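Comments concern the structure below.
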Amino acid sequence: MATDAKRRKTEDGSSNADCSVDDPLNNFLKWCTEVNLNLSNKVFLSKQGTAAGYGMLAKEDIEKGHILFSIPRLALLHPGTSRTKKVLEEGRSCLESPSSWVPLLLALMYEYTSAESHWKPYLSLWPDFRKLDHPMFWSKEEREKLLKGTGIPEAVDTDLSNIEKEYNDTVLPFMRSHPELWDPQNHTLELYQSLVAFVMAYSFQEPDEDEDEDPNPPMMVPMADMLNHVSDHNANLEYTPECLKMVSVRPIRKGEEIFNTYGQMANWQLLHMYGFTEPFPGNTNDTADVQMTTVYNAAVQATKNEAEQSLLAQKWKMLGDMDVVRDKGVFVFGKDGSLTDTELYMTLKVISMSKEEFREFQENEGWEEDEGDEEDSRAAQAVSFEGIPAMVPEWKRLLNTAAGLTLKQYSEDMESDLRVIEEPKALAKLCHRERRALDVRLGQKSIMRKLQQLTESGTV
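235 is the number that UniProt numbering gives to position 235 of the sequence shown; each next residue is one higher, with no gaps.
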């Protein structure tokens, strides 16, 4: 929801924004009153003194559990409340797609371009979705230059390909069959892509109590999407049958910004989905990926002859058959160690088996007597940063090589990035995109560097 890199508030945390000159915001607040959105008199919206763009600030001290605002469900924007409701319900079978977002995006395309839309005062707050500055709006050259090695360029390429296919194969034929609501001349692929970014950055999904059911589709929640994000948030959205409520989860001081959270998200996820980052090293949820194939390549480097390479290939195939590793899979590391502990532990264990141990493992079809909760606990401890120094040397060498190969995938080494972030003048010269990319790279590299250090012959 934020659009610029996080910045500090004024020294006293206050804001003196003059809302009288902000017509879009005034129109939105008037609309909120008309739809019975109840905004607490202890808060206000502003562009001044906030982390980025519009944000919510406390007018006075707020206690824990205070309802900052409540919005009736009829004021939420989704296919069931849009003027396009009947047509979308009748054509539901034609609108199925891997993303499941097509009905909402069609509703948004209509409402965003309709002068008579009930949600016009809300949607007018975003005259240009490209200002959200998702990497999908960067040039391919910028993504490759600034984000190489982070995984974002590949994710964006996949997004853009899927968006174009979804638009051409599903959306365009449906719009042509309903010319009274949509016009491909106005409701273009470019608008569709922009609205995908809008949904990525601003939509909410209501939790489903039944974990076996498919996730609820996304919906737009006016006012809730005005709150910026930090990991250490002070407000949370609650769902009731009648309305949605934003509630303070701890005391909030006068002048303090009110933050929601989008969940435990690494900086690469925040940039990819929302167009911003938390300044390095502040994101406690940062992660770094090691491609599963990189671990295999590291193991290949350790082989001495063709026989060992052949045995390694057999081990890797069996790990694949067991669904432990995948061609495009990753081992994820957080600030305390591996987050894919079971997969990584099993991979290291199988790769390091002797020929005889592996033959026995094959005969048992991968089943071992000590599997279960105890084995899972052992795995989690073994590949945590606390447990890695006690690893057997072969495992440590394998992880050390994999970490080194991963670090080589970035266009800049860690020392170069650190020199920039530690030098105020150099940092000040960066544009927004360069700074966000730097936050992502350093968050990932610092985790890989720690893995590399912990798997060296000594411990750190």
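We put the beta carbon where it would ideally sit given N, CA and C, even for glycine.
Treat the numbers as computed from the prediction; the structure is a model and nothing was measured.
Span of the beta strand (DSSP E) around residue i
i	result
residue 291	288–291
residue 259	257–260
residue 43	43–46
residue 69	67–72
Short Cβ contact (8 Å threshold) for residue i with residue j
i	j	result
residue 43	residue 56	yes
residue 440	residue 182	no
residue 244	residue 224	yes
residue 277	residue 333	no
residue 283	residue 231	yes
residue 198	residue 137	no
residue 50	residue 285	no
residue 200	residue 274	yes
residue 67	residue 251	no
residue 206	residue 216	yes
residue 341	residue 302	no
residue 304	residue 358	no
residue 24	residue 125	yes
residue 189	residue 164	yes
residue 280	residue 421	yes
residue 272	residue 115	no
residue 297	residue 260	no
residue 246	residue 54	no
residue 119	residue 146	no
residue 258	residue 58	yes
First and last residue of the uninterrupted alpha helix (DSSP H) at residue i
i	result
residue 112	102–113
residue 125	Neither: residue 125 is in no alpha helix (DSSP H) and is coded neither H nor E.
residue 137	Premise fails: residue 137 is in no alpha helix (DSSP H) and is neither H nor E.
residue 161	152–166
residue 57	No alpha helix (DSSP H) holds residue 57; the beta strand (DSSP E) holding it covers 55–58.
residue 132	Neither: residue 132 is in no alpha helix (DSSP H) and is coded neither H nor E.
residue 362	355–363
residue 28	23–34
residue 350	341–351
residue 89	85–90
residue 269	267–274
residue 385	Note, residue 385: premise wrong, no alpha helix (DSSP H); not H, not E.
residue 76	Looking at the DSSP string, residue 76 is not in any alpha helix (DSSP H), and its letter there is neither H nor E.
residue 172	172–176
Anticipated Cβ contact below 8 Å, residue i with residue j, distance rounded
i	j	result
residue 113	residue 186	6 Å
residue 438	residue 403	That belief does not hold up - the Cβ atoms of residue 438 and residue 403 are roughly 20 Å apart, past 8 Å.
residue 299	residue 399	Not confirmed; about 11 Å, so no contact.
residue 79	residue 103	4 Å
residue 110	residue 82	7 Å
residue 354	residue 64	58 Å between Cβ atoms; not a contact.
residue 436	residue 142	Contact doesn't hold; Cβ gap of about 11 Å is too wide.
residue 99	residue 162	7 Å
residue 75	residue 222	6 Å
residue 417	residue 442	5 Å
Same chain, Cβ closer than 6 Å to residue i, neighbours up to 5 away in sequence not counted
i	result
residue 149	409 and 410
residue 14	In this prediction, residue 14 has a pLDDT of 39, which is less than 50 and means its spatial position is unreliable; what the coordinates show is noted afterwards. 255.
residue 344	331, 338 and 383
residue 192	167
residue 29	none
residue 176	none
residue 107	79, 82 and 84
residue 317	none
residue 178	87
Sequence-distant residues of the same chain with beta carbon closer than 8 Å to residue i, five excluded per side
i	result
residue 97	166 and 170
residue 270	229, 262, 276, 277, 278 and 283
residue 72	35, 36, 37, 242 and 243
residue 86	none
Other residues of its chain near residue i: CB distance less than 7 Å, five sequence neighbours each side excluded
i	result
residue 406	290, 294 and 448
residue 144	153
residue 454	385, 388, 389 and 460
residue 347	295, 319, 324 and 325
residue 335	284, 286 and 447
residue 456	400
residue 362	318
With a floor of 4 residues, list each alpha helix (DSSP H) that falls wholly inside the stretch 396–457, ordered by position along the chain.
-> Restricted to the stretch 396–457, the alpha helix (DSSP H) segments that are unbroken, complete and at least 4 residues in length are 414–421, 424–428 and 432–454, listed in chain order.
Contained beta strand (DSSP E) runs [length at least 3] in the stretch 280–330, N- to C-terminal order | Counting whole runs of 3 or more residues, the stretch 280–330 contains the beta strand (DSSP E) stretches 288–291.
Which runs of the beta strand (DSSP E) spanning at least 3 residues fall entirely within the stretch 189–264, listed in chain order?
-> Those beta strand (DSSP E) runs which fall completely within the stretch 189–264 and span 3+ residues are 235–239, 243–248 and 257–260.
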